[in-house]
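Counting from 95, one number per residue, gives the positions in the sequence shown under the working numbering.
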Amino acid sequence: MNKTFTNLPTILLNSVLAVLYISLNSFTTPPDSSKNPAFRFKTVVIDAGHGGKDPGTHGLHSTEKEVALSIAKKLRKAIQEQMPILNVVMTRTDDTFIPLDERSAIANRHNGNLFISIHCNSSPEGTGYSDHKQKGTLMLVYALHRSAEQLEAIRENSSIYIEKDYQAKYRSYDEDDPVNRILMNAYMHKYRKQSILFGDLLNKEFKNGGRQTIGVKEQSILVLAHSAMPAVMIETGFINNPRDEDYIASDAGQDEIVQVIMNALKEYRVETAVQ
Ligand SMILES: [Zn+2]
């Protein structure tokens, strides 16, 4: 009797402590979703390259900014229809010039989980040259390094020169600055693995779809550098190669490209869920 009486406050105290412990614990440590990133994979950012005063590169009858926007809009529609669980954020929906740093800012503001930048490639062979060696798709992932072969990076990064204040504005992208190097290296290491995974899946699906593919390359692509999420730039084809241009500028070709991206996106969601 005496024992039970003395134990009662202890039991009550223990219960209070247990409740307190559980509430504190659930407050300070959110549910561990690291084993199920698909749960967190909610928002895809689609970035249609170039726009407005920046046409990008061009072919005989189309410009990169038009092709990129058209594919981006078709991709948005396909995600809404086939993967309605995902939110879609567009960096542009019309023919507007959006600076590169603003594209990353839009993606980060919306807490994007994957950044897909749509572009067209162009080789130095010139437009409409009939015996083109260069054709097919290329996936680009951000890397902090300067290699001899950075053709695409030089071309895609040149959009910044259209902006008057680019020198001041893009100071934080200067890879020679040690502070920037640390920041960009950290981003690269954090998101590199998943960016390459998505790039590889895209490359495989383009191949399965019968397209020639160059593969997945790592280059210093500025629009990918400050996006705090896995990010891939898709060079959908060589717009200055007449055959590639006819394909990527056509409705049928764009629909196929979008379906390839959808296949890769579905696989990516599954693969990241079991990691
Ligand atoms: Zn481009």
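From the three backbone atoms N, C-alpha and C, an ideal C-beta is built for every residue, glycine too.
Quick caveat: nothing in here was measured; it's all calculated off a predicted structure.
By Cβ distance below 6 Å, which residues in the same chain neighbour residue i in space, the five residues on each side in sequence not counted?
i: ASP141; result: THR185, ARG197 and SER211
i: GLU312; result: VAL235 and ALA237
i: ALA343; result: SER156 and VAL161
i: ALA201; result: VAL139, PHE209 and SER321
i: TYR260; result: ILE254
Leaving out the 5 sequence neighbours to the left and right, which residues in its chain are closer than 8 Å to residue i when beta-carbon positions are compared?
i: GLU269; result: LEU238, ARG240, ARG275, MET278 and SER314
i: MET177; result: MET356, LEU359, LYS360 and ARG363
i: VAL256; result: Note on identity: in this sequence residue 256 is Ile, with Val being the wrong assignment. Excluding positions up to five away in sequence, the list reads LYS147, ASP148 and PHE191.
Mapping the DSSP letters down to three states, classify residue i as helix, strand or coil.
i: MET356; result: helix
i: LEU118; result: Caution applies to LEU118, whose pLDDT of 37 falls short of 50 and renders its modelled position unreliable; the value that the coordinates give is listed next. Helix at LEU118.
i: GLU350; result: helix
i: ASP345; result: helix
i: GLN366; result: It is worth fixing the name first, because residue 366 is Thr in this sequence and not Gln. In the structure shown, THR366 sits in a helix (DSSP, three-state: H, G or I).
i: GLU361; result: helix
i: GLY331; result: strand
i: ILE308; result: strand
i: GLY145; result: strand
i: HIS155; result: coil
i: ALA166; result: helix
i: ILE140; result: strand
i: ASP259; result: coil
Any heavy atom of ligand 1 closer than 7 Å to the CB of residue i?
i: GLN150; result: Correcting the residue identity first, residue 150 is Gly in this sequence and not Gln. Because some heavy atom of ligand 1 lies under 7 Å away, the Cβ of GLY150 counts as near it: yes.
i: GLU250; result: yes
i: HIS155; result: no
i: HIS204; result: no
i: GLY143; result: yes
i: GLU312; result: no
i: GLU257; result: no
i: GLU158; result: yes
i: HIS320; result: no
i: HIS283; result: no
i: HIS239; result: no
For this session: List in chain order: all unbroken alpha helix (DSSP H) runs of 4+ residues lying wholly within the region 174 to 257.
Result: 194 to 203 and 245 to 251
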